[in-house]
Structure formats: C-alpha cells, structure tokens
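Have a look at the structure below, then the notes.
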Amino acid sequence: MHEVILRVENLSKSFATTTGIDLKILKSISTEFVKGKITMIVGASGAGKSTFLHLLGGLDRPNDGKIFFKGENILDYSESQMTFFRNNNIGFVFQFHHLLPEFTAAENIAIPQMINGISLKNTSQRVMNLLEEVGLKDRKNHKPAELSGGEQQRIAVARALANNPQVILADEPTGNLDSVNSQIISNLIVQLNQKYGTTFIIATHNKELLNIADQVLEIKDGMINSK
Ligand SMILES: Nc1ncnc2c1ncn2[C@@H]1O[C@H](COP(=O)(O)OP(=O)(O)O)[C@@H](O)[C@H]1O
Ligand SMILES: [Mg+2]
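Take the sequence shown: its letter number 43 is residue 43 in my numbering, and every next letter is one higher.
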C-alpha cells in the first residue's frame, strides 16, 4: 500500500545572522515520504539537511509551510502536543550517539519509555528485546565509554526504537564510523525496515548507504529534488 506518512508543503526556514540579513536555508520546499520506505537526504555540508530533519521531527519550527503527519499538520500542535507527537512517533539517531554517559546501555534504551510514563521495571522486557535486535544483549550493563563507536551507535538505534516509532530520522548515522561499522548500521536499518515497516529518513554523505535507499532527495540552494 502506498500511504504517505509525512508530507511537507511550502516549507521555509531562515536563520537570522548577526549582519541582520536572513540566511534562507529552505525555500518553500514540498515533498513527501511514503510509509515503510527508506529515503536518503544528500547535499553539501551546510545545505540544510539537519535543519530539514529537525523540522520533520518537530525539534524546530519553520518560518512558513506545513508538515502533515498522517494528514495532520503538526505545526498546529502546541509545544506539549509536539512533545507527545515526537515521543510516540519519531525516533532520532544522530552522528554522535548522544547517549547519557552515566547510564548503562540498558538504561539509555529505557529512558524514552520512562519519559512516556512506563516504569523501569516494565521497560525491562522491551529493553532486552531491543538489545537483542541490535545484537548487544551481552553489553546491557556497559556504560557508553565501555562500548566501541559502532556499539554506541547500535545502542542509539535501539533507543530510537524504544517507543516503537513509525518514523526514524537519522542525521549522518554512520558519519563517525569506519566502513565495517557503517555496514553493520546499514544492515540493521534494512533489517528493522523489513521487520517493522519503519520509515527511515536519513541525512548522509555515505555513498554505501545510498544502496539501501528507496528514494534519494538532494537539498541544493534551498530546494529539494529527487536524484
Ligand atoms: N540554529 C542556527 N542558527 C543559525 N544558523 C544555523 C542554525 N542551524 C543551522 N544554521 C545554518 O544553516 C545552514 C544549514 O545547516 P545544516 O542544516 O546543519 O546543514 P547540513 O546538515 O546540510 O550540513 C548552515 O549554514 C548553518 O550554519
Ligand atoms: Mg548536518
């Protein structure tokens, strides 16, 4: 079935600069994402890839335009509705894993569920399943500093999956990894996409990741186009 899960309409984003001239990063872009597909967002450094992902996930707001998630414009949401939307529907993976250093791998994966009101005790089964999913069951009590870069990123993927999101937004998920670990992350994305039908939207420079894409979009001069 061809169901559009996210659709953006005439989205514009500018940042104010110290010189007073607005930096127009996204200029009235429109595009859509089909449920269950993997999309790569490419473009030069500074083109606006991260900015676009932040807008899609409700982490930042545009100057103009609409973002429909399953037909509802998320920009109509209040801040608390936006947080609820984000916690329940979107998983984030960043270039630098952003795991909390004081907590174990298992606790880092449990945190998004606890934010959603589930007790630590009741998260444990799901945490174990997620650790198994990313092949790191035996690392559950390791702190981030006791994990390799590739393992940290796999824990970050497991954390992104914690609340069973429909969409995962990944910003340069292999940007900090060698080719072997990049391949592991790439395989993991395909595995999760096939098993759960999760929609992936991934900003990347990694040419190998493009192999798993159903769709490649390029951001250039504030516009977005299929490649
Ligand atoms: N919060 C911000 N304030 C001002 N300028 C920003 C901000 N975030 C991003 N920018 C600018 O917007 C442009 C696009 O940034 P970004 O989306 O991070 O690009 P990419 O991820 O494609 O490398 C850059 O020129 C960057 O300096
Ligand atoms: Mg970026």
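Glycine residues also receive a C-beta, built at the ideal position from the N, C-alpha and C atoms.
Annotation for E172 indicates a beta carbon within 7 Å of some heavy atom of ligand 2. In the DSSP annotation of this structure, the continuous segment of the beta strand (DSSP E) that includes K220 starts and ends at 215-220.
Annotated three-state conformation of E151 is helix, per DSSP. No Cβ-Cβ contact shorter than 8 Å links I5 with V216. In terms of CA proximity to Q191, G36 leads the group S30, L100, G36. Ligand 1 approaches F15 closely enough that one of its heavy atoms is under 7 Å from the residue's Cβ.
Contact between L136 and R159 does not hold, since their C-beta atoms are separated by about 12 Å, which reaches or exceeds 8 Å.
Distances from the alpha-carbon of F85 to those of L99, I201, P101, F68 put F68 closest.
Partner residues in the beta bridge of T31, as assigned by DSSP, are V8. Short note on K49: C-beta closer than 7 Å to some heavy atom of ligand 2. For A170, the enclosing beta strand (DSSP E) has its first and last residue at 167-171. Between Q95 and D171, the C-beta gap is smaller than 8 Å, which places the two residues in contact. The three-state reading of DSSP puts S179 in helix, counting H, G and I together.
Under the three-state reduction of DSSP, F68 is assigned to strand. With 16 or more other CB atoms across the displayed protein chains lying within 10 angstroms of its CB, I202 is buried. Three or more beta-carbon pairs separated by less than 8 Å are not found between the stretch 182-191 and the stretch 5-18, which leaves the two stretches without contact.
In the assembly as shown, H98 is an exposed residue. Its beta-carbon has fewer than 16 other beta-carbons within 10 Å. Excluding residues up to 5 positions away in sequence, D22, L23 lie with their Cβ nearer than 8 Å to the Cβ of A16 in the same chain. In this structure, DSSP gives L59 a state outside helix and strand, which the three-state scheme calls coil.
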